[in-house]
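Colleague:
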Amino acid sequence: MTVASPIIGAGRPVAAPTIRGTVSRRRRAAGAVVLLGLVVLVWEGAKWLGGDPWRIHGTVLGIRVDYEHFPAFNWRIADDLSLPHVWDVIRAFVDPAQRNGPPLGLILAGQALFTFREALTGFALGGLLGLGLGILFVHSRLAERALVPYVVASQTIPILAISPIIVVATQAGWLSVAIISAYLTFFPVTIGALRGLRAADPRAFELLRSYAASGRQVLRQLRLPASVPYLFAAFRIAAAASVIGAIIGELPSGISDGLGSAILNYNQYYILGPEKLWATIIACSFVGIAFVGLVRLAESLLTRGRYRPVDR
Amino acid sequence: MNAAAGSASPHVVETHGVGKVFETGDAAVTALDGIDLTIRSGEFVSLIGPSGCGKSTLLRIIGDLTDPSGGELRVNGKSARQARLDRDYGMVFQAPVLMDWRNVASNIELPLEVMGFPREDRARRSAALVKLVELEGFEGKHPWQLSGGMQQRVAIARALAFDPKLLLMDEPFGALDEMTRERMNLEVMRIWRETGTTIVFVTHSIPEAVFLSTRVVVMSARPGRISRVVDVDLPQPRTVDTREEPRYFSLVTTVREALRAHLVDTEPLDDLGDARIRAEGIS
Amino acid sequence: MTRSSRLSSWLPALLLAVVVLALWEGASIVLGLQTFLLPRPSLIVGKLVELWPSTLARGIAFTASEALVGLVAGVACGTLVGLATARWRTARETLVPIGIGASTVPIIAFAPITINWFGPESMLPRVIIVAVMVFFPTMVNTIRGLTQVEPAALELMSSYAATDRQILMKLRVPNALPFWFTALRIAMTLSVIGAVVGEFFGGPLYSLGIYITNQTGVSDYASAWAAIVLACFLGIAFYFAAILLERLLVPWYAAREAAR
C-alpha cells in the first residue's frame, strides 16, 4: 500500500537472503577458475589469430628453440599495444615500474592499500548512514515518504557528476574520496536495513506488543536480529560499491596515491607500457574481490549456527 | 484422451507390494512397504495416518510424481507414467499452487491450455467450473485477492477442468479453518456426486475422512503400511445431518481406534525420520 | 489504489523538494552568500536554458545514446545467455556465482582500455563498458527467475504431462519476468552511470561527462551544475522508464506488490 515500496524494490523478487553453505563455495571457486581460464584462452586466442608476430629464440631446457609465429590476421584490437600478452601483464607486476625502482606489484600493493583505506572509511560512513536511515524510516512513516524517493533518486545520479565538486568543496583529500565512496555505499545498506528491519514474523511483533515492549526494545530484540542476514547481503553489495566509489572518487581528486590515480597515470603513458595499465586494472579487481571476501568472512563468522543455513 | 484404455479395467488404481525407500546421506528411510490397494471406479477413498506414514508419498506414486522403489502399480489399467501422459488424473495439493500472473478464469484454464483445448471450449469449461465451485463474479480476480478457501476452490476447479476420471487430493483443506473446511467437504461431496469422479483423498482429519469416503484406508508409520481398511456404509447423499448420525460417530471411533491400536505398539513418533523425509522434499 | 491516494503519498517528497529549493534560493539572496560551488537554483536553471541549444542538447543526446545502446546490447545478451543456460544445472551453478562475483570487479576501470581500442570520439568504448556492466545482473536475475519456481507448480505442470516448452512458456518465463524487471531497473541506472563515468576517461568535448569535468576544471560551477542536473534527469528518466515498462508488461505483479 505504500508508494515507496514499488520504488525501493531493488531486488524484490529475490528470496530472503540466506547464509551460504560450503558446497556453493567450492562451486564458486571452480567457476572462477573456469572463467579465468576462458578469459585467458579468448585473450591469447585473439592474439594468436590477429596479434603481432612474435618469436622465441634461445635455449629452453637445453634445447635450442627458434620459433616464429605470424598471425593470420591483423586486428587492431589484438596488437601488442591494445592487448598485451597475458605473460607480459603478469611480468609487469614483477618488473620495476621505473628504472632501478621497486617492482610495479609492490607499488600497486601500496596504492591498493590506500584505495582500500578510502573504501573502508566510505563503507563505514555509508553503512552507518544507511543503517540510521533504515531505522528512521521504519519508525517514521513521514520520513520514509519524504526521503525514500530521494534516496532512490540519489543512485540514479551519476556520481562522477558531483564528485569533482565534492572534492573541491570538502578540501579533505582522501577523506573526500571516502565521502564519495560512502555515497555509493549507503544506498544498498538503507534498502537492506529497511527490508530486514521489517522482515521479522508479524506474530513476533505481536508477541512483543503483548509484553508492552518499547520501540527501542522491539528494535533491539527483534528488528535488528532479524535484519542481520539482510544487512550482510547489503554489506556485500556495499563493499563492492565502496571500492568502485573510491576508485572513481580518486579520478578528479588530484591525489597522487591510490589505484584511481594510478589508472590515470598509466593511461597517460599507455604507449610506453600498456601492460602497466592492465596490471593496475587487475589490482582494482583484486581490491574489490578481497573486500567482498572479507565481508563474507565476517558474515560466516558472525552468523554461522545462529541463522538457518540454506544451500542455494 | 485414451478412453479405450481407461475402460478396459474396472480398477482405477491397483497396487501390489508397492514400497518406497528414501536414501538420506547416512541411512535409508522406508516410507512405504508392501502396499496392496485396489480402488474401483467411482469410489471415494481416504488415506489417513500419522505424519510420516507415507500417505502423501503413496498419492504421489499413483500420480507418477515420485517413482516407487518396488512393487507393481496400474492406474486405469496402465503404468502410472502412461496414465499421467494420458492426463488421466487431476491433482490438488495442500497449497493451492495458483499462478500469480493469471486470474481465476485463466488459472482454471491452465491445464486446458497445456492440453491444447480450443479457446471457446476453454472459456465454456472455465465458466461452468467457476459456477460449480461458486466463484461467480471472481473470474477476473488474481490469487492474492482471494481468501484461502476461495484459492483452494480455484485449485479444485482447475483439477476438474479437463474431466479427469481420477482426482488425487493431497490434504487439500489442511490449511483451512474448521468451518471453511466443513463447507468445502460438502462441496467436494457435491462435486463427486455430480461428476462421478473417483477420488483418492489424503487427510489428517478423522471426521473428514469418515464424512467424505466410501472407504478409509488407515496407515501406520515406520514403515508406512496399510494397517486397516474401514468401509464407510453411511447412506448417500451425505449432508450436514450425516455428522449427527450415531453410525457416523461409531465409524469415527472405529477409525480412531484403528489409528491408536497401531500407535500403542510402535515407538513414539520419531521426529528425526520425519524431518529427513521432509528434507527430501516429499512430506 | 486510487490515483488520488497515489498523489497524496508522493506529497511529502514533493513538499520537501519545494521547501529545500526555496530555502536555498532565499538564503542565497537574503544572506548574500557567495555560492560559488553551489549556485542558487535559478542561476543553474538560467545556465541550463542558455547552454541547451549550443552544447547541452548535443551532450545529453550523445550520452543517452551510449547508455541506451549499451543497455540494449547488454540486457539482450544477458537475457539470451540466461535463457540458454538456465536449464543446465552445472551451467547455472557456475554462471550465477560468476555473475555475482563480476559485480565485485570495478568494470568501469576498464574504460581507459576500451577508449584506447576505439578512440575517445567513438561511442563504442562506453557502449561496451555499459553493456558489460548490465550484462551480469541481467543474466543472474534471468537464471534465478527461470529456476526459482515453486516446486509444487512444477509438479502441477508435470501432472498435466506438460512439455518442456509449455513449462517454459507458461511457468518459468512468467515467473522470471519480475526478476528480469528488477534487473532492468538496476541496469537502467547502471547504464547512465557507466556512460557518464566512462566519458571521464575520454570522450567528445560536448559529452556530459567531459563537459562537467572541464567546467569544474575552469571553476565554471554554474555550467557544471547545469550539466549535472541534466545527467541526473537522464538517470531518473531511465529509471522511471523501467518502472513504466514493468507496469505495462507485468501489471499483475505491480498490483500484487501494491496489495501487500
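Residue numbers (the numbering used here), protein chains in the order written: chain A, 671 to 982; chain B, 3 to 285; chain C, -2 to 257.
Virtual Cβ for every residue (Gly too), placed ideally from N, Cα, C.
Taking Cβ positions, are A863(A) and L817(A) nearer each other than 9 Å?
Modeller: No, the Cβ-Cβ distance between A863(A) and L817(A) is not below 9 Å.
Colleague: Under three-state DSSP, which class holds G199(C)?
Modeller: Three-state DSSP puts G199(C) in coil, outside helix and strand.
Colleague: Under the three-state reduction of DSSP, which class applies to I158(B): helix, strand or coil?
Modeller: Here I158(B) sits in helix by DSSP.
Colleague: Taking all protein chains shown into account, do 16 or more other C-beta atoms lie within 10 angstroms of the C-beta of E16(B), making it buried, or fewer, making it exposed?
Modeller: With 16 or more Cβ atoms within 10 Å of its Cβ, E16(B) is classed as buried.
Colleague: Could you please tell me which residues of the stretch 206 to 237 of chain B, in chain order, have their CB closer than 9 Å to any CB of chain C?
Modeller: So the list is empty, because no residue satisfies the distance condition.
Colleague: So, are the CB atoms of A916(A) and E788(A) less than 9 Å apart?
Modeller: Yes, Cβ-Cβ distance for A916(A) and E788(A) is below 9 Å.
Colleague: Would you be able to state if there are at least three C-beta pairs under 8 Å between the stretch 946 to 953 of chain A and the stretch 887 to 897 of chain A?
Modeller: No, the stretch 887 to 897 of chain A does not touch the stretch 946 to 953 of chain A.
Colleague: Run through the DSSP bridge pairs and tell me what F24(B) is partnered with.
Modeller: DSSP, once it has assigned bridges, lists V31(B) as partnering F24(B).
Colleague: Does any residue of chain C bring its CB to less than 9 Å from the CB of D267(B)?
Modeller: For D267(B), the predicted model reports a pLDDT of 49, less than 50, meaning its position is unreliable and no value from the coordinates is stated.
Colleague: Can you tell me whether K57(B) is buried or exposed? The criterion is at least 16 other CB atoms within 10 Å of its CB, across all chains shown.
Modeller: By the 10 Å Cβ count, K57(B) comes out buried.
Colleague: Just the C-alpha distance for A239(C) and A968(A), rounded to the nearest angstrom, thanks.
Modeller: C-alpha separation (whole angstroms): 35 Å.
Colleague: Tell me the DSSP secondary structure of G691(A) in three-state form.
Modeller: Per-residue confidence for G691(A) stands at a pLDDT of 47, beneath the threshold of 50, marking its modelled position as unreliable; no derived number is given.
Colleague: Using a C-beta to C-beta distance shorter than 9 Å, which residues of chain C count as neighbours of Y820(A)?
Modeller: Going along chain C in sequence order, the residues near Y820(A) (Cβ under 9 Å) are A10, L13 and A14.
Colleague: Where A247(C) and A173(C) are concerned, what is the direct C-alpha to C-alpha distance, given to the nearest angstrom?
Modeller: For the sequence presented, residue 247(C) should be read as Val rather than Ala. C-alpha separation (whole angstroms): 11 Å.
Colleague: For I279(B), which of helix, strand or coil comes out of DSSP?
Modeller: Below a pLDDT of 50, predicted positions are generally treated as unreliable, and I279(B), at 44, falls in that range; no measurement from the model is reported.
Colleague: Taking only beta-carbon atoms, is A228(C) less than 9 Å away from chain A?
Modeller: Yes, its Cβ sits closer than 9 Å to a Cβ of chain A.
Colleague: Which term fits P120(B), buried or exposed, when burial requires 16 or more other beta carbons within 10 angstroms of its beta carbon?
Modeller: Exposed, because fewer than 16 other Cβ atoms sit within 10 Å of the Cβ of P120(B).
Colleague: Would you check if the distance between the CB atom of A79(B) and the CB atom of H18(B) is smaller than 9 Å?
Modeller: For clarity, residue 79(B) is Gly in the given sequence; the question names Ala instead. Contact: no.
Colleague: Output the distance between the C-alpha atoms of T785(A) and L929(A), rounded to the nearest integer angstrom.
Modeller: Taking the straight line from one Cα to the other gives about 6 Å.
Colleague: Please report the distance separating the alpha-carbon of A869(A) from that of L806(A).
Modeller: Approximately 16 Å between the Cα atoms of the pair.
Colleague: With DSSP as the reference, identify every bridge partner of L49(B), one or two as the case may be.
Modeller: Paired residues: V204(B) and V219(B).
Colleague: For the stretch 201 to 228 of chain C, list the beta strand (DSSP E) runs that are entirely contained and at least 3 residues long, ordered along the chain.
Modeller: Runs found: none.
Colleague: Should K133(B) be labelled buried (16 or more other beta-carbon atoms within 10 Å of its own) or exposed?
Modeller: Exposed, by the Cβ-count rule.
Colleague: For a contact meaning CB atoms closer than 8 Å, what does H144(B) contact in chain C?
Modeller: The answer, in chain order, is W249, A252 and R253.
Colleague: In the DSSP assignment, the beta strand (DSSP E) including I827(A) goes from what residue to what residue?
Modeller: First-last for I827(A): undefined, no H or E at that position.
Colleague: Of all the CB atoms in chain A, is at least one closer than 9 Å to the CB of P50(C)?
Modeller: No, no contact with chain A.
Colleague: Report the residue from L75(B), T40(B) and R42(B) whose alpha carbon sits nearest the alpha carbon of K22(B).
Modeller: K22(B) has its Cα closest to that of L75(B), out of L75(B), T40(B) and R42(B).
Colleague: Does the distance from the C-beta atom of G51(B) to that of L169(B) stay below 9 Å?
Modeller: Their beta carbons are not under 9 Å apart, which means G51(B) does not touch L169(B) by this criterion.
Colleague: Could you tell me whether any Cβ in chain B is nearer than 9 Å to the Cβ of Q145(C)?
Modeller: So, not an interface residue.
Colleague: Consider the Cβ of P120(B): report whether some Cβ of chain C lies at a distance smaller than 9 Å.
Modeller: Chain C contact via Cβ: absent.
Colleague: What separation, rounded to the nearest whole angstrom, lies between the Cα atoms of I233(C) and I158(B)?
Modeller: Rounded to whole angstroms, I233(C) to I158(B) spans 46 Å at the Cα level.
Colleague: What's the gap between the Cα of Y820(A) and the Cα of T179(C)?
Modeller: Whole-angstrom Cα-Cα distance: 19 Å.
Colleague: Does the beta-carbon distance from V94(B) to T216(B) come in below 9 Å?
Modeller: Against a cut-off of 9 Å, the Cβ pair of T216(B) and V94(B) comes out as no contact.
Colleague: Pull up the CB-CB distance for P922(A) and P858(A), whole angstroms please, since I reckon it's below 8 Å.
Modeller: Not a contact, Cβ separation roughly 24 Å.
Colleague: For the putative contact between M186(B) and G151(B), defined by C-beta atoms under 8 Å, what is the C-beta separation to the nearest angstrom?
Modeller: 6 Å between Cβ atoms; contact.
Colleague: If I measure Cβ to Cβ from L901(A) and keep anything under 8 Å in the same chain, skipping five residues before and after, which residues do I get?
Modeller: Counting only Cβ-Cβ distances below 8 Å, and skipping sequence neighbours, we find L801, V859, G862, A863 and G866.
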